[in-house]
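Peer 1: Pasting a structure here, questions to come.
There are 2 protein chains.
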Amino acid sequence: MNVVLLSGGSGKRLWPLSNDVRSKQFIKMFRNENGGYDSMVQRVYRQITRVDSEASVTIATSKKQVSAIKNQLGDKVSICVEPERRDTFPAIALAAAFLHDQKGVGEDEAIVVCPVDPYVDDSYFSALKSLCALAEAGTSNLTLMGIEPTYPSEKYGYILPEGTGEVSKVKTFKEKPDVETAKRYLAQGAVWNGGVFAFRLGYLLKCAHEQIHFTDYQDLFLHYGEQKKISFDYAVVEHEPNVQMMRYTGRWKDLGTWNTFAEAMDAPVIGNAVLNETCHNTNVINELNLPILCMGCKDMVIAASNDGILVSEKEQSSYIKPFVDQMEQQVMYAEKSWGSFTVLDIQDGSMTIKIVLQPGHRLNYHSHDHRDEVWTVMSGAGTAVLDGVEQAVKPGDVVRMAAACKHTVIAGKEGMQILEVQLGKEISVHDKHKYPFPR
Amino acid sequence: MNVVLLSGGSGKRLWPLSNDVRSKQFIKMFRNENGGYDSMVQRVYRQITRVDSEASVTIATSKKQVSAIKNQLGDKVSICVEPERRDTFPAIALAAAFLHDQKGVGEDEAIVVCPVDPYVDDSYFSALKSLCALAEAGTSNLTLMGIEPTYPSEKYGYILPEGTGEVSKVKTFKEKPDVETAKRYLAQGAVWNGGVFAFRLGYLLKCAHEQIHFTDYQDLFLHYGEQKKISFDYAVVEHEPNVQMMRYTGRWKDLGTWNTFAEAMDAPVIGNAVLNETCHNTNVINELNLPILCMGCKDMVIAASNDGILVSEKEQSSYIKPFVDQMEQQVMYAEKSWGSFTVLDIQDGSMTIKIVLQPGHRLNYHSHDHRDEVWTVMSGAGTAVLDGVEQAVKPGDVVRMAAACKHTVIAGKEGMQILEVQLGKEISVHDKHKYPFPR
Numbered sequence: 169m170n171v172v173l174l175s176g177g178s179g180k181r182l183w184p185l186s187n188d189v190r191s192k193q194f195i196k197m198f199r200n201e202n203g204g205y206d207s208m209v210q211r212v213y214r215q216i217t218r219v220d221s222e223a224s225v226t227i228a229t230s231k232k233q234v235s236a237i238k239n240q241l242g243d244k245v246s247i248c249v250e251p252e253r254r255d256t257f258p259a260i261a262l263a264a265a266f267l268h269d270q271k272g273v274g275e276d277e278a279i280v281v282c283p284v285d286p287y288v289d290d291s292y293f294s295a296l297k298s299l300c301a302l303a304e305a306g307t308s309n310l311t312l313m314g315i316e317p318t319y320p321s322e323k324y325g326y327i328l329p330e331g332t333g334e335v336s337k338v339k340t341f342k343e344k345p346d347v348e349t350a351k352r353y354l355a356q357g358a359v360w361n362g363g364v365f366a367f368r369l370g371y372l373l374k375c376a377h378e379q380i381h382f383t384d385y386q387d388l389f390l391h392y393g394e395q396k397k398i399s400f401d402y403a404v405v406e407h408e409p410n411v412q413m414m415r416y417t418g419r420w421k422d423l424g425t426w427n428t429f430a431e432a433m434d435a436p437v438i439g440n441a442v443l444n445e446t447c448h449n450t451n452v453i454n455e456l457n458l459p460i461l462c463m464g465c466k467d468m469v470i471a472a473s474n475d476g477i478l479v480s481e482k483e484q485s486s487y488i489k490p491f492v493d494q495m496e497q498q499v500m501y502a503e504k505s506w507g508s509f510t511v512l513d514i515q516d517g518s519m520t521i522k523i524v525l526q527p528g529h530r531l532n533y534h535s536h537d538h539r540d541e542v543w544t545v546m547s548g549a550g551t552a553v554l555d556g557v558e559q560a561v562k563p564g565d566v567v568r569m570a571a572a573c574k575h576t577v578i579a580g581k582e583g584m585q586i587l588e589v590q591l592g593k594e595i596s597v598h599d600k601h602k603y604p605f606p607r
Numbered sequence: 169m170n171v172v173l174l175s176g177g178s179g180k181r182l183w184p185l186s187n188d189v190r191s192k193q194f195i196k197m198f199r200n201e202n203g204g205y206d207s208m209v210q211r212v213y214r215q216i217t218r219v220d221s222e223a224s225v226t227i228a229t230s231k232k233q234v235s236a237i238k239n240q241l242g243d244k245v246s247i248c249v250e251p252e253r254r255d256t257f258p259a260i261a262l263a264a265a266f267l268h269d270q271k272g273v274g275e276d277e278a279i280v281v282c283p284v285d286p287y288v289d290d291s292y293f294s295a296l297k298s299l300c301a302l303a304e305a306g307t308s309n310l311t312l313m314g315i316e317p318t319y320p321s322e323k324y325g326y327i328l329p330e331g332t333g334e335v336s337k338v339k340t341f342k343e344k345p346d347v348e349t350a351k352r353y354l355a356q357g358a359v360w361n362g363g364v365f366a367f368r369l370g371y372l373l374k375c376a377h378e379q380i381h382f383t384d385y386q387d388l389f390l391h392y393g394e395q396k397k398i399s400f401d402y403a404v405v406e407h408e409p410n411v412q413m414m415r416y417t418g419r420w421k422d423l424g425t426w427n428t429f430a431e432a433m434d435a436p437v438i439g440n441a442v443l444n445e446t447c448h449n450t451n452v453i454n455e456l457n458l459p460i461l462c463m464g465c466k467d468m469v470i471a472a473s474n475d476g477i478l479v480s481e482k483e484q485s486s487y488i489k490p491f492v493d494q495m496e497q498q499v500m501y502a503e504k505s506w507g508s509f510t511v512l513d514i515q516d517g518s519m520t521i522k523i524v525l526q527p528g529h530r531l532n533y534h535s536h537d538h539r540d541e542v543w544t545v546m547s548g549a550g551t552a553v554l555d556g557v558e559q560a561v562k563p564g565d566v567v568r569m570a571a572a573c574k575h576t577v578i579a580g581k582e583g584m585q586i587l588e589v590q591l592g593k594e595i596s597v598h599d600k601h602k603y604p605f606p607r
């Protein structure tokens, strides 16, 4: 099947584990078979390939997330990069054009679009396969996934089916009604819209061309910023008369707050933490290299990363956003396509960073106007390139780069760990010129 | 007056702010006039000199604490170093010999001995002055401080006075009785022993020579390790018939647990932390360079340092010790006589440390057998010395030391911040040879 995963969100609600460059879907929280931890996006990818080993997966996302996706999934998925954020209709239109023009998917082939972060069982992905088959059969233009509702939420779209069977034509569709309307819909047997859309690629390209003026993928990509911000539900689903839906009754959760996130954890503790026997219903995720000791904690979530430390009652944790908005968002840790960096120390006039390079990977070739830098190789061997001149480096070696010096380093087959000291009056992430790699 | 402050304790009960090398008396928690924070030992020293600007203060302590004392109090106090821990009687005997032989204090002069960390008002130190005057008058051999008891504690010594006046002869003294005995004592009008002893120096030297075979301070210092571990209460107070006591009724608290420590804090938060409006009776001390966000925390104490993070209900926090005993005690931060160090990163084969040197101070001149080191100067200028050769260093300069190279660095008048990367298979604090400074 052809799956398009929509990967959005900046994820302040799961601070300090999510930040401007790390959305919640990249937090490693699920124990995997190797004793390590997988993120939501890794879990979902694994679930898809377990259900369909031939599945072709495309992730539609913003530039910011490309590094994290490549770092976590490698080259196993295609990435359709949105030049900027324009809501789900332009994103799905761009993905459709990408699949058609770049990946050669035929107009009769079925595509299923779903969020990148549903917390679900494998049966959900079996259902996606069924949705694709229904879409390919062509009896309806659009096939949705109906979720058994539990309360009259204002957050979801509502689908009113014609029948009570597993698959049914849709009578009415209503995006995010108020509570009273939602109650009326529920009384009539409505279900929630799971945010999953299956269709033939040709159908979606036709819808896209009707609403957006573009020739092909490249053209849409170039003019993406001019598109109106509108969701797929408002732009397409509400206006399409020929829609069907399939019910899904398995586990389905949105891990959007610490409260729900903690419920989904396989164990109460991830990382270095001890809870004494008087703790109750308390979860700890510790990404720091320090022990956490919890005593007498009741119904709490404690999360620690290089961005900060959250100590919150679970209920209260859903009110986190305004507090995080007020915090200075110096990014202290980020995954990059080549590995990761961690800020270790910030002083007036200097900043110290730990760089971890994956085997065979390299930094961008770049220079700075206003700062000198010093590298000390902590582990692994590789090749540093300074103003075009290569030199082999090994643990204990020191490389000094004055301002304006073009530089990069390429890790050998073991990867590398490098300590970088930045020195200068104005240290800023924006002080960076990139150049083509000279090799 | 001559004051001897007994500074003991390894302070695991206030983990992670106290550790093997930082006892609780060195934690900076009291707001001072300069907008910074003072430690207990700084506060006590300030209180003593406010009551008696001519006071001569000697701190009796172990080797481990000398660096922290010098860093916090400079050369304003004398330090009588116990070569190892032998309880209070040998410690007071050593201090007496130190005052007599090294400081030239006369045998008729009064000495008052008290703990380094009482949380008290200035009136306590006025009381110490009165105790000295009583001791010097010579009507009794020993003068104690009596504290109004609040419950039949098994932790304290009990003094049964002959009268009910402010100063009174002591009928009986009993160290740490069981609860039943304590109740009986209280019914008879006993008071707690405040751990303060005033006497003429000559009296104590006589007691010391009766129980310990030594000629002078140097001799006792050299044979200190052979002495029996016994408290001053058991060795002297219980056997002395001619004892008097003076009542003290002002504030008197032992900040031995997080619960009492939090009560003494001037403000609920020290360091970078935000408590939302649903928090109640919660204290945060954050020594880390990361924000802490607390939501819905009730009756809690949260303490974070480079050694770890404690999140505890206040009541529970008194049970901390066994958990801390189990933790690996890699010291991540320590005050030294020359400044401080902070461990930033530990890897297999490398360790990264930030060194802060006070103006004009220097590291010991030393070498390592099994590791190479690289310094990157982050701020300040100074002089590095490598195998006897001096070189000026400034921000951005890099100094490399192979194993066996003797090295030190001397900070200029602004102090220095240096990043040190240690590289080797076996990195240990014990891999260190010290040498006399070659200048």
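Those protein sequence lines, which keep their order, are chains A and B. Going from the first sequence to my numbering is simple: count from 1 and add 168. Going from the second sequence to my numbering is simple: count from 1 and add 168. No residue lacks a Cβ here, since even glycine has one placed at the ideal position from N, Cα and C.
#1: Only counting the same chain, and skipping five residues up and downstream in sequence, which positions put a Cβ closer than 6 Å to that of Val281 (chain B)?
#2: Within the continuous alpha helix (DSSP H) that includes Arg211 (chain B), where are the two ends?
#3: With a floor of 4 residues, list each alpha helix (DSSP H) that falls wholly inside the region 267-351 of chain B, ordered by position along the chain.
#4: Anything in chain B within Cβ reach of Gly116 (chain A), meaning under 7 Å, just list it in chain order.
#5: Quick check: is the beta carbon of Tyr213 (chain B) nearer than 8 Å to any beta carbon in chain A?
#6: Any Cβ of chain A within less than 8 Å of the Cβ of Pro459 (chain B)?
#7: Does Cys465 (chain B) come within less than 8 Å of chain A when only Cβ atoms are used?
#8: Can you list the alpha helix (DSSP H) stretches of 4 or more residues lying completely in the region 224-268 of chain A, in chain order?
#9: Is there contact here, the region 406-423 of chain A with the region 308-317 of chain A, by at least three beta-carbon pairs under 8 Å?
#10: Need the endpoints of the beta strand (DSSP E) that Thr428 (chain B) sits in, please.
#11: With a CB to CB cut of under 6 Å and the five nearest residues on each side skipped, what residues in its chain are close to Val437 (chain A)?
#12: If we count Cβ pairs, one from each stretch, closer than 8 Å, do we get three or more for the region 376-392 of chain A versus the region 295-308 of chain A?
#13: DSSP state of Gly507 (chain B), grouped into three classes?
#14: If we count the other Cβ atoms within 10 Å of its Cβ and call it buried at 16 or more, is Gln585 (chain A) buried or exposed?
#15: Can you tell which of B:Gly517, B:Ala560, B:Tyr501 and B:Val338 has the C-alpha that lies nearest to the C-alpha of Leu591 (chain B)?
#16: So, is the C-beta of Gln484 (chain A) closer than 8 Å to a C-beta in chain B?
#17: Looking only at its chain, what residues have a beta carbon closer than 6 Å to the beta carbon of Lys339 (chain A), apart from the 5 residues adjacent to it on each side?
#18: Who are the Cβ neighbours of Asp276 (chain B) in its own chain at under 8 Å, not counting the five residues just before and after it?
#19: By the criterion of Cβ-Cβ separation under 8 Å, what are the contact partners of Gly517 (chain B) in chain A?
#20: Going by C-alpha to C-alpha distance, which of B:Ala430, B:Asp493 and B:Leu456 sits closest to Asn440 (chain B)?
#21: Taking contact to mean 3 or more Cβ pairs, one atom from each stretch, closer than 8 Å, check whether the region 569-583 of chain A and the region 193-210 of chain B are in contact.
#22: Excluding the five sequence neighbours on either side, which residues of its own chain have a C-beta within less than 6 Å of the C-beta of Asp475 (chain B), listed in chain order?
#23: What span of residues does the alpha helix (DSSP H) with Val154 (chain A) cover, start to end?
#24: Should Ser480 (chain A) and Val469 (chain A) be called a contact, given that it needs their Cβ atoms to be closer than 8 Å?
#25: Grouping DSSP H, G and I as helix and E and B as strand, with all else coil, what is Ser485 (chain A)?
#26: Could you list which residues in chain B have their beta carbon closer than 8 Å to that of Ile237 (chain A), in chain order?
#27: Determine the burial state of Thr383 (chain A): buried for a count of at least 16 other Cβ atoms within 10 Å of its Cβ, exposed for fewer.
#28: Once you ignore the five residues that flank Thr510 (chain A) on each side, which residues in its own chain have a CB closer than 6 Å to its CB?
#29: Out of curiosity, what's the CA-to-CA distance linking Gln559 (chain B) and Val557 (chain A)?
#30: Looking at the structure shown, is Gly550 (chain A) part of a helix, part of a strand, or coil, going by DSSP?
#31: Measure the beta-carbon distance from Phe194 (chain B) to Val209 (chain B) and round it to whole angstroms, keeping in mind my assumption that it falls under 8 Å.
#32: How is the beta strand (DSSP E) around Leu443 (chain A) delimited, first residue to last?
#33: By DSSP, does Leu423 (chain A) sit in helix, in strand, or in coil?
#34: To the nearest angstrom, how far is it from the Cα of Gln608 (chain B) to the Cα of Leu262 (chain B)?
#35: Looking at the unbroken alpha helix (DSSP H) that takes in Glu378 (chain B), where does it start and where does it end?
#36: Quick check: is the beta carbon of Val284 (chain A) nearer than 8 Å to any beta carbon in chain B?
Peer 2: In short:
#1: Mapped onto the second sequence, residue 281 (chain B) falls at position 113. Counting only Cβ-Cβ distances below 6 Å, and skipping sequence neighbours, we find Val172, Ile260 and Phe365.
#2: For this step, residue 211 (chain B) is matched to residue 43 along the second sequence. Its alpha helix (DSSP H) spans residues Met208 to Val219.
#3: Listed in chain order, the alpha helix (DSSP H) elements of length 4 or more contained wholly in the region 267-351 of chain B are 290-305.
#4: Because chain A is modelled from 169 through 607, residue 116 (chain A) falls outside the range shown and cannot be assessed.
#5: Within the second sequence, numbered from 1, the residue matching residue 213 (chain B) stands at position 45. No - not a single Cβ of chain A is within 8 Å of the one on Tyr213 (chain B).
#6: On the second sequence, position 291 is the one that residue 459 (chain B) refers to. Interface residue, yes.
#7: Here the question's residue 465 (chain B) lines up with position 297 in the second sequence. By this cut-off, Cys465 (chain B) is an interface position.
#8: Those alpha helix (DSSP H) runs which fall completely within the region 224-268 of chain A and span 4+ residues are 231-241.
#9: The region 406-423 of chain A is in contact with the region 308-317 of chain A.
#10: Reading the second sequence from its first residue, position 260 is the one you call residue 428 (chain B). Per DSSP, Thr428 (chain B) is not a residue of any beta strand (DSSP E); the alpha helix (DSSP H) it occupies stretches across Trp426 to Glu431.
#11: Within the first sequence, the letter at position 269 stands for residue 437 (chain A). Correct list, in chain order: Val452.
#12: In this structure the region 376-392 of chain A does not touch the region 295-308 of chain A; the number of beta carbon pairs closer than 8 Å is below three.
#13: Indexing the second sequence from 1 puts residue 507 (chain B) at position 339. Under the three-state reduction of DSSP output, Gly507 (chain B) falls in the strand class.
#14: Within the first sequence, numbered from 1, the residue matching residue 585 (chain A) stands at position 417. It is buried - the Cβ of Gln585 (chain A) has at least 16 other Cβ atoms within 10 Å.
#15: As a working mapping, residue 591 (chain B) is identified with position 423 in the second sequence. If we check each option's Cα against that of Leu591 (chain B), B:Gly517 comes out closest.
#16: Taking the first sequence and counting its residues from 1, the one referred to as residue 484 (chain A) is at position 316. Yes - at least one Cβ of chain B is within 8 Å of the one on Gln484 (chain A).
#17: Numbered from its first residue, the first sequence carries residue 339 (chain A) at position 171. Cβ within range, chain order: Leu328 and Glu330.
#18: Mapped onto the second sequence, residue 276 (chain B) falls at position 108. Sequence-distant partners of Asp276 (chain B) (beyond 5 residues in either direction) whose C-beta falls short of 8 Å from its own C-beta, in its chain, are Glu304, Arg368, Leu369 and Gly370.
#19: Working through the second sequence from its first residue, we reach residue 517 (chain B) at position 349. Going along chain A in sequence order, the residues near Gly517 (chain B) (Cβ under 8 Å) are Met546, Ser547 and Pro563.
#20: Taking the first residue of the second sequence as 1, we reach residue 440 (chain B) at position 272. Comparing Cα positions, the closest option is B:Leu456.
#21: Taking 8 Å as the limit for Cβ pairs, the verdict is that the region 193-210 of chain B does not touch the region 569-583 of chain A.
#22: By one-based count along the second sequence, residue 475 (chain B) stands at place 307. Here the set comprises Pro184, Asn187 and Met500.
#23: For residue 154 (chain A) there is no data in the structure shown, the boundaries of chain A being 169 and 607.
#24: Locating residue 480 (chain A) in the first sequence gives position 312, where the first residue counts as 1. Locating residue 469 (chain A) in the first sequence gives position 301, where the first residue counts as 1. The answer is yes: Cβ separation under 8 Å.
#25: Here residue 485 (chain A) is taken as the residue at index 317 of the first sequence, counted from 1. Here Ser485 (chain A) sits in helix by DSSP.
#26: Working through the first sequence from its first residue, we reach residue 237 (chain A) at position 69. Here the premise fails: no neighbours, minimum Cβ distance about 27 Å.
#27: Numbered from 1 along the first sequence, position 215 holds the residue referred to as residue 383 (chain A). Under this definition Thr383 (chain A) is an exposed residue.
#28: Within the first sequence, the letter at position 342 stands for residue 510 (chain A). In chain order, Asn474, Tyr501 and Lys522 place their CB closer than 6 Å to the CB of Thr510 (chain A), counting only its own chain and leaving out the 5 sequence neighbours on each side.
#29: Stepping through the second sequence from its first residue, residue 559 (chain B) is reached at position 391. Stepping through the first sequence from its first residue, residue 557 (chain A) is reached at position 389. Here the C-alpha atom of Gln559 (chain B) lies approximately 29 Å from the C-alpha atom of Val557 (chain A).
#30: Here residue 550 (chain A) corresponds to residue number 382 of the first sequence, with the count starting at 1. In the structure shown, Gly550 (chain A) sits in a strand (DSSP, three-state: E or B).
#31: Residue 194 (chain B) sits at position 26 when you count from the first residue of the second sequence. Residue 209 (chain B) sits at position 41 when you count from the first residue of the second sequence. Right, their Cβ atoms sit about 6 Å apart.
#32: Residue mapping note: residue 443 (chain A) aligns to position 275 of the first sequence, counting from 1. For Leu443 (chain A), the uninterrupted beta strand (DSSP E) segment begins and ends at Ala441 to Leu443.
#33: Locating residue 423 (chain A) in the first sequence gives position 255, counting from the first residue. Leu423 (chain A): coil per DSSP, three-state reduction.
#34: Coverage of chain B is limited to positions 169 through 607, which leaves residue 608 (chain B) absent and any answer about it impossible.
#35: Reading the second sequence from its first residue, position 210 is the one you call residue 378 (chain B). Residues Leu369 to Gln379.
#36: Here residue 284 (chain A) refers to the residue found at position 116 when the first sequence is read from its first residue. So, not an interface residue.
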